[in-house]
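All remarks here apply to the structure that follows.
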Amino acid sequence: MSSRPKIMAVQGAAVLVASAFVLVGVLGFIPGPTSNLDQLQWAGHHSGAKLFGMFAVSGLHNTVHVAFGVIGFIFARTYAASRGYLLAGGVAYLALWIYGVVMDQGSALNILTLNNADNWLHFGLGIVMVVLALTLAGQHDPTKRPKRRERIRT
Numbered sequence: 100m101s102s103r104p105k106i107m108a109v110q111g112a113a114v115l116v117a118s119a120f121v122l123v124g125v126l127g128f129i130p131g132p133t134s135n136l137d138q139l140q141w142a143g144h145h146s147g148a149k150l151f152g153m154f155a156v157s158g159l160h161n162t163v164h165v166a167f168g169v170i171g172f173i174f175a176r177t178y179a180a181s182r183g184y185l186l187a188g189g190v191a192y193l194a195l196w197i198y199g200v201v202m203d204q205g206s207a208l209n210i211l212t213l214n215n216a217d218n219w220l221h222f223g224l225g226i227v228m229v230v231l232a233l234t235l236a237g238q239h240d241p242t243k244r245p246k247r248r249e250r251i252r253t
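Here it is as structure tokens:
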């Protein structure tokens, strides 16, 4: 028998999502994947750096991605926390999409340095995370004890 602990699919999904966030956050600080790195600002719409030449980034934006990924690794330890990470994170990214769509990108409210590409990526991430949380939730939670059925005596 294997003494290796088993992880549920929702935990694996949380690890994959967390890995992607850490990778993207780190890449946002590296020349090559990030163009105009010399124009990277800590925050605000004045940052001219773009990840993959498309997604506006700033130091704060990259740091938020790395932090969100680290949180995902921590939450991936349990089934329930993984589901919570994916569901709450997905809802948060959908809220960020709405914020990015209604906010004037040239205003001081654009502290995360969002552009249209970021907005639609946030929409997609939000949908995917919510769907993962809901569809992978159909599995039995191994951390819960099975309910005991009482015998009915006749």
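Residue numbers (this note's numbering): 100 to 253.
The beta carbon of each residue, even a glycine, is placed where N, CA and C say it ideally should be.
query, result
"What's the C-alpha gap between A142 and A232?", "31 Å"
"The alpha helix (DSSP H) with M107 in it runs from where to where?", "Element bounds for M107: n/a, residue is neither H nor E."
"Should A113 be labelled buried (16 or more other beta-carbon atoms within 10 Å of its own) or exposed?", "buried"
"Using 10 angstroms around the beta-carbon of A194, count the other beta-carbons present and answer buried if the total reaches 16, otherwise exposed.", "exposed"
"Roughly how many angstroms lie between the CA atoms of N209 and F174, to the nearest whole one?", "29 Å"
"Helix, strand or coil for F154? Go by DSSP, reduced to three states.", "strand"
"For V165 and V123, what's the separation of their Cα atoms in angstroms?", "8 Å"
"What runs of the alpha helix (DSSP H), each 4 residues or longer, lie entirely inside the stretch 197-239?", "215-234"
"Comparing alpha-carbon positions, which option in V227, F154 and W196 lies nearest N218?", "W196"
"Going by CA-CA distance only, name the one from A155, V121, G131 and V116 that's closest to G205.", "A155"
"Does DSSP classify S134 as helix, strand or coil?", "strand"
"Would you say N135 and A148 are within 7 Å of each other, going by their C-beta atoms?", "yes"
"Below 7 Å CB to CB, which residues in the same chain sit around G183 once its five sequence neighbours on both sides are set aside?", "F174"
"What does a CB cutoff of less than 6 Å around M153 pick up in its chain, not counting 5 residues either side in sequence?", "A216"
"When every heavy atom of the ligand MN is checked, does at least one fall within less than 6 Å of the C-beta of F128?", "The ligand content of the structure shown is nil, which means the ligand MN is not present either."
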